[in-house]
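K.L.:
In the order they appear, the protein sequences are chains W and C. Residue 115 in numbering that gives the first Met the number 0 sits at position 116 of the first sequence; the count goes up by one each step and never skips. Residue 28 in numbering that gives the first Met the number 0 sits at position 29 of the second sequence; the count goes up by one each step and never skips.
There are 2 protein chains.
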Amino acid sequence: MTINQATDYALRAVLYLARQPQGEVTEAQAISGQEVIPMRFLLKIMPSLIKAGIVKSFRGVGGGYALAKAPGEVSFLDVVEAVEGPIALNRCLNDYAFCSKKGAPNCQIHQALADVQAKLKAELQGHNFAELIN
Amino acid sequence: MTINQATDYALRAVLYLARQPQGEVTEAQAISGQEVIPMRFLLKIMPSLIKAGIVKSFRGVGGGYALAKAPGEVSFLDVVEAVEGPIALNRCLNDYAFCSKKGAPNCQIHQALADVQAKLKAELQGHNFAELIN
DNA sequence: CTATTGTTCACCCATTTAGTGTACTTTAGG
DNA sequence: CCTAAAGTACACTAAATGGGTGAACAATAG
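1) For W:F57, count the other beta carbons within 10 Å of its own beta carbon; 16 or more makes it buried, fewer makes it exposed. Which is it?
2) If we require 3 or more residues per run, which beta strand (DSSP E) segments fall completely within the region 44-107 of chain C?
3) Exposed or buried, C:P20, counting other C-beta atoms within 10 Å across all chains shown (16 or more means buried)?
4) DSSP puts W:N127 in a beta bridge; with which residues?
5) Regarding C:V54 and the ligand SAH, is the C-beta to nearest heavy atom distance less than 7 Å?
6) Measuring straight from C-alpha to C-alpha, what distance separates C:A87 and W:T1?
7) Does C:F75 come within less than 8 Å of chain W when only Cβ atoms are used?
8) Could you tell me how far apart the beta carbons of C:V82 and C:S47 are, in whole angstroms, since I believe they sit closer than 8 Å?
9) Could you compute how far the alpha carbon of W:V24 sits from the alpha carbon of W:V54?
10) Could you check whether the region 62-79 of chain C touches the region 33-46 of chain W, counting it as contact only if at least three pairs of C-beta atoms, one from each stretch, sit closer than 8 Å?
11) Mapping the DSSP letters down to three states, classify W:T1 as helix, strand or coil.
12) Relative to the C-alpha of C:L76, which candidate in C:E130, C:L119, C:Q4 has its C-alpha closest?
13) So with CB distances below 9 Å, who are the chain W contacts of C:A67?
14) Which chain W residues are close to C:L25, counting only those with a beta carbon under 9 Å from its beta carbon?
15) Got a sec, what are the start and stop residues for the alpha helix (DSSP H) C:I30 sits in?
16) I want to see whether chain C comes within less than 8 Å of W:K55, judged by CB atoms only; does it?
17) Give the DSSP-derived three-state secondary structure of W:Q116 in the structure shown.
18) Between the alpha carbons of W:T6 and C:V79, how many angstroms are there, rounded?
19) What is the DSSP secondary structure of C:E122, reduced to helix, strand or coil?
20) Name the chain C residues whose beta carbon is nearer than 8 Å to that of W:V115?
21) Can you name the residues of chain C whose CB is closer than 7 Å to the CB of W:Q107?
22) Output needed for W:N89: all residues of its chain with C-beta closer than 6 Å, excluding positions within five of it in sequence on either side, in chain order.
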């Protein structure tokens with residue numbers, strides 16, 4: 000029921016980038032140092048943010064990262080799902096194979112959890128990084 | 000971000016008990032068989048529901064389990080927290096030691112997640128087993 | 001060409017998850 | 001009071017996940 004460490008780091012990294020002047024390229028080392036994220040681990044996480052279209056990267060001398068969108072266009076849900084994949088409050092909500100009842104059609108638990116999950120996703124989607132810049 | 004298998008089983012077990020005539024004692028074998036929960040694993044999960052005051056147990060011949068409260072008095076949150084302990088969307092929300100910034104006082108990520116977590120808990124608390132009996 | 005920056009893929013160790021084994025305790029009924 | 005039928009406690013395990021590290025590579029500014 001908790002996000003993992005990589006996601007926590009990713010949220011902090013995105014917020015850090017969101018606080019930089021628009022278009023500014025920030026190197027991994029700066030993010031790592033300021034946000035206290037192990038450098039090598041950060042470098043491993045960033046590509047998933049890039050694939051999700053949240054961040055752009057620049058290689059070579061003077062390279063680094065920058066947001067690919069306006070901070071207000073990036074939600075917590077975007078970042079969480081970029082790193083962890085689709086949210087599933089219960090594994091069976093995304094893949095019936097995980098249900099020992101094999102997705103018995105009238106599983107009330109399933110339906111109630113699906114409802115909670117929808118609310119959770121909406122809530123995560125409702126938070127973006129523009130709000131947090133200060 | 001997902002509940003674990005034990006919690007899923009616990010929710011199904013509680014729902015099963017909620018559907019029995021009030022006061023009826025149901026043996027583990029029946030729950031296990033009907034809800035397709037590995038017997039030994041179910042027996043291991045039940046004590047946490049008992050400690051949380053959700054279920055009562057009866058030992059010896061003719062023993063089994065029964066709800067300790069009315070179905071409407073048992074929320075999803077009760078069951079989830081009975082099995083998994085307090086919900087923490089981020090580990091640092093319950094224990095600052097897990098924050099690599101050591102709970103830097105103005106962590107905006109922390110604050111936003113705390114807000115989402117509060118909504119999630121409220122949502123889980125809003126679902127009880129009376130609604131699901133049919 | 002070279003130093004600097006990010007990328008990729010493989011690996012590693014500790015913890016958690018999802019269970020099983022074995023021995024024990026309680027209790028109804030004969 | 002014996003015994004079979006229930007739940008309890010504690011230890012153990014195989015597999016997956018979490019949180020990282022290592023080493024070689026690729027791109028790019030100067």
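Every residue gets a Cβ at the ideal spot worked out from N, C-alpha and C, and that includes glycine. All figures in this text were calculated on a predicted structure; none of them were measured in a lab.
P.N.:
Working from what's here:
1) Along the first sequence, read from residue 1 onward, the residue named residue 57 of chain W stands at position 58. Its Cβ having fewer than 16 others within 10 Å, W:F57 is exposed.
2) List check, beta strand (DSSP E) in window: 54-57, 63-66.
3) For the purposes of this step, residue 20 of chain C is taken as the residue at position 21 of the second sequence. By the neighbour-count rule (16 or more Cβ atoms within 10 Å), C:P20 is not buried but exposed.
4) As a first step, residue 127 of chain W must be located in the first sequence, where it is residue number 128. Bridge partners of W:N127: W:S74.
5) As presented, the structure is devoid of all ligands, the ligand SAH included, so that no description of it is given.
6) Here residue 87 of chain C refers to the residue found at position 88 of the second sequence. Here residue 1 of chain W refers to the residue found at position 2 of the first sequence. The alpha-carbon atoms of C:A87 and W:T1 are separated by roughly 6 Å.
7) Reading the second sequence from its first residue, position 76 is the one you call residue 75 of chain C. With 8 Å as the cut-off, C:F75 counts as an interface residue toward chain W.
8) Numbered from its first residue, the second sequence carries residue 82 of chain C at position 83. Numbered from its first residue, the second sequence carries residue 47 of chain C at position 48. About 5 Å; that satisfies the 8 Å criterion.
9) Translated into positions along the first sequence, residue 24 of chain W becomes position 25. Translated into positions along the first sequence, residue 54 of chain W becomes position 55. Looking at the two C-alpha atoms, the distance is approximately 11 Å.
10) no
11) Mapped onto the first sequence, residue 1 of chain W falls at position 2. Looking at W:T1 - three-state DSSP - the assignment turns out to be coil, as it is neither helix nor strand.
12) One-based indexing of the second sequence puts residue 76 of chain C at position 77. Of C:E130, C:L119, C:Q4, the residue nearest in Cα terms is C:L119.
13) Here residue 67 of chain C is taken as the residue at index 68 of the second sequence, counted from 1. Neighbours of C:A67 on chain W: none; closest Cβ ~19 Å, over 9 Å.
14) Stepping through the second sequence from its first residue, residue 25 of chain C is reached at position 26. Here the sequence assigns Thr to residue 25 of chain C, which means Leu is not the residue at that position. Listed along chain W is no residue with a C-beta nearer than 9 Å to that of C:T25; the closest approach is about 17 Å.
15) Within the second sequence, residue 30 of chain C is the residue found at index 31, counting from 1. Unbroken alpha helix (DSSP H) run through C:I30: 27-34.
16) Residue 55 of chain W sits at position 56 when you count from the first residue of the first sequence. So, not an interface residue.
17) As a working note, residue 116 of chain W is residue 117 in the first sequence. It is helical.
18) Looking up residue 6 of chain W in the first sequence gives position 7. Looking up residue 79 of chain C in the second sequence gives position 80. When rounded, the distance between both Cα atoms is 22 Å.
19) The residue given as residue 122 of chain C occupies position 123 in the second sequence. Helix, per DSSP.
20) Counting from one through the first sequence, the residue named residue 115 of chain W turns up at place 116. Those are F75, L119, E122, L123, H126, listed as they occur along chain C.
21) Here residue 107 of chain W is taken as the residue at index 108 of the first sequence, counted from 1. Taking a Cβ-Cβ threshold of 7 Å, the residues of chain C close to W:Q107 are L14, L131, in chain order.
22) Sequence index remark: in the first sequence, residue 89 of chain W carries index 90 (1-based). The answer, listed in chain order, is L112.
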